[in-house]
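Residue 14 in full-length UniProt numbering is what sits at position 14 of the sequence shown, and the numbering runs on without skipping anything.
The beta-carbon is built from N, C-alpha and C at its ideal position, and this holds for glycine as well.
Step one of this worksheet: look at the structure below.
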Amino acid sequence: MGFYLRKSVSVGPFRFNFSKSGVGVSTGFKGFRVGTGPRGNYISVGRGGLYYRATLPASSSQPSVPSTPRYQPPMPEAQPGVGPMVAIESAPVSAMQDTSSADLLNELNGKAKRPNYWKWTAGASLVALWLIPSTAPSWLTPFAAILLTGLTAYIGVRDTVAKTAVLCYELDQANEQAFEKLHEAFRALSSCRKTWRVDARAAVHDSKYHAGAGALVQRKDAQFGKGLPPKVKSNLEVPFVKAGPMSLYFMPDRVLVYSSSGVGTVTYKDLRFEGMSRQFIESESVPSDATVVGHTWKYVNKKGGPDKRFKDNKQLPIALYEEISFKSASGLNEVYQLSKHSLIDAVKDSLKTMERVLPA
Numbered sequence: 001m002g003f004y005l006r007k008s009v010s011v012g013p014f015r016f017n018f019s020k021s022g023v024g025v026s027t028g029f030k031g032f033r034v035g036t037g038p039r040g041n042y043i044s045v046g047r048g049g050l051y052y053r054a055t056l057p058a059s060s061s062q063p064s065v066p067s068t069p070r071y072q073p074p075m076p077e078a079q080p081g082v083g084p085m086v087a088i089e090s091a092p093v094s095a096m097q098d099t100s101s102a103d104l105l106n107e108l109n110g111k112a113k114r115p116n117y118w119k120w121t122a123g124a125s126l127v128a129l130w131l132i133p134s135t136a137p138s139w140l141t142p143f144a145a146i147l148l149t150g151l152t153a154y155i156g157v158r159d160t161v162a163k164t165a166v167l168c169y170e171l172d173q174a175n176e177q178a179f180e181k182l183h184e185a186f187r188a189l190s191s192c193r194k195t196w197r198v199d200a201r202a203a204v205h206d207s208k209y210h211a212g213a214g215a216l217v218q219r220k221d222a223q224f225g226k227g228l229p230p231k232v233k234s235n236l237e238v239p240f241v242k243a244g245p246m247s248l249y250f251m252p253d254r255v256l257v258y259s260s261s262g263v264g265t266v267t268y269k270d271l272r273f274e275g276m277s278r279q280f281i282e283s284e285s286v287p288s289d290a291t292v293v294g295h296t297w298k299y300v301n302k303k304g305g306p307d308k309r310f311k312d313n314k315q316l317p318i319a320l321y322e323e324i325s326f327k328s329a330s331g332l333n334e335v336y337q338l339s340k341h342s343l344i345d346a347v348k349d350s351l352k353t354m355e356r357v358l359p360a
């Protein structure tokens, strides 16, 4: 099994108990628990439809997610011998939304932006202790320190509860099998020795100075795995890909897109997946699971051989990588390189299965 359904999760002093009847919340100690607490979301996914309900009603003061015009990435200026380095980036996450998830997005964004008040409490406590006069009774400083430490811990627990969203999923058999298939595909992606996010790509005008390459890329390390979004508790783990401030979490009902500016969402129906094999002239070490299909030189002559005018003209391997992308009409545009190949079909098939079994 790539995932399993938990019966309960804890958020601070609160325990969320999951069942087919919904989300139950209790707090207290063994033998004495009170049924109350923060908001939890119950999401039922099946052929009969996609249903959301919560333990507590959403606050009417929460702002709606604003609509955003279609995003156009900036176009950097061209460099000598190389075309413009075109950024490969997604639109602001505020543009990625759908009406069925508006309340959930409002909650996730609100919790992400909520400040940690315990830090302010800790700072104010240190100032208060520093202001205690030296003429005060000897017991006052340790007493105040204990009291303020307890207050800071209490505020910290409140912050944890207030900033955590709880998602409980109930899946029918078809959706559970589809989600398991998605887990298996991402398990194969996570087995790659090396994965990267492609940040930008530029066409090369004079390839002899760039190892004969037709394009240059900027990239950074990426991570595929399974887990949960930050400040989210759930009864299951989900596949994810992280690279810098951008992370994609493949939930059973949709894809959550996290960035430094907030949280967005893309449905599986709107998600476009593409993949291809691509030869890459590797200037770094070649991962052990990559296939080397040839070699070239850092500087090449017109015949493709080494340009002997350059003394530091080292030989470079040509690796066969796979390149995959996740895109949407709302502005998602994430491109990744994989050191291992023959993985594209499994990912594509699993995403098609998710789209097919989810309600329209």
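Assess contact between the stretch 316 to 333 and the stretch 154 to 164, defined as three or more Cβ pairs (one per stretch) separated by less than 8 Å. Is contact present?
no
Contact between the stretch 341 to 357 and the stretch 175 to 188: three or more CB pairs below 8 Å?
yes
Exposed unless 16 or more other CB atoms sit within 10 angstroms - verdict on Phe-143
exposed
Hey, is the stretch 224 to 239 in contact with the stretch 269 to 287, meaning 3+ C-beta pairs nearer than 8 Å?
no
Indicate whether Gln-337 and Trp-130 have their beta-carbon atoms separated by less than 7 Å.
no
Where does the unbroken alpha helix (DSSP H) through Val-127 begin, and where does it stop?
117 to 131
Just checking my contact of Asp-270 with Leu-358 at CB under 8 Å: how many whole Å lie between their CB atoms?
That pair is no contact at about 11 Å.
What is the DSSP secondary structure of Lys-233, counted as helix, strand or coil?
strand
Ends of the beta strand (DSSP E) at Leu-248?
246 to 250
Per the DSSP calculation, Thr-291 is bridged to which residue(s)?
Leu-320
With a threshold of 6 Å on Cβ separation, who are the neighbours of Ser-330 within its own chain once the five nearest residues in sequence on each side are excluded?
Ala-95, Met-96
Anticipated Cβ contact below 8 Å, Ala-243 with Lys-220, distance rounded
6 Å
Is DSSP giving Leu-343 helix, strand or coil here?
coil
Rounded C-alpha distance that separates Lys-294 from Ala-112:
In the sequence under discussion, the amino acid at residue 294 is Gly, which differs from the Lys named in the question. Cα-Cα distance, rounded: 48 Å.
Is the beta carbon of Gly-264 sitting closer than 7 Å to the one on Ile-324?
no
Please decide whether Tyr-321 counts as near chain B, where near means a Cβ-Cβ distance under 7 Å.
Looking at the structure shown, chain B is missing, and only one protein chain is on hand.
Within 10 angstroms of its Cβ, does Trp-118 collect 16 or more other Cβ (buried), or is it exposed?
buried
Can you grab the Cα-Cα spacing for the pair Phe-179 / Leu-189, in whole Å?
15 Å
Can you give me the start and stop residues for the alpha helix (DSSP H) that Lys-113 sits inside?
102 to 113
Given Ala-346, which residues of its chain have a CB within under 8 Å of its CB, disregarding the five upstream and five downstream residues?
Glu-184, Ala-185, Ala-188
Identify which residue in Leu-316, Leu-332, Val-45 has its Cα closest to the Cα of Gln-173.
Val-45
Would you report the Cα separation of Tyr-289 and Ser-342, rounded to the nearest angstrom?
Note that residue 289 is Asp in the sequence shown here, rather than Tyr. About 12 Å.
Which residue from Lys-163, Arg-309, Ser-339 puts its Cα closest to that of Asn-109?
Lys-163
Buried or exposed (CB count within 10 angstroms, at least 16 for buried), Ser-138
exposed
Distance, Ala-145 Cα to Leu-332 Cα:
49 Å
Within 10 angstroms of the Cβ of Thr-141, are there 16 or more other Cβ atoms? Answer buried if so, exposed if not.
exposed
Rounding to the nearest angstrom, what Cα-Cα distance links Lys-231 and Ala-165 in this structure?
6 Å
Using a Cβ-Cβ cut-off of 7 Å (strictly less than) and excluding sequence neighbours within five positions of Ser-259, which residues of its own chain qualify?
Val-93, Pro-245, Met-246
What three-state label does DSSP hand Glu-274 in the structure shown?
strand
Using 10 angstroms around the beta-carbon of Thr-149, count the other beta-carbons present and answer buried if the total reaches 16, otherwise exposed.
exposed
Return the first residue and the last residue of the alpha helix (DSSP H) that Asn-175 is part of.
173 to 190
Please classify Val-229: is it buried, with 16 or more other beta-carbons within 10 angstroms of its beta-carbon, or exposed?
A small fix is needed here, since residue 229 is Pro in this sequence, not Val. Buried, by the Cβ-count rule.
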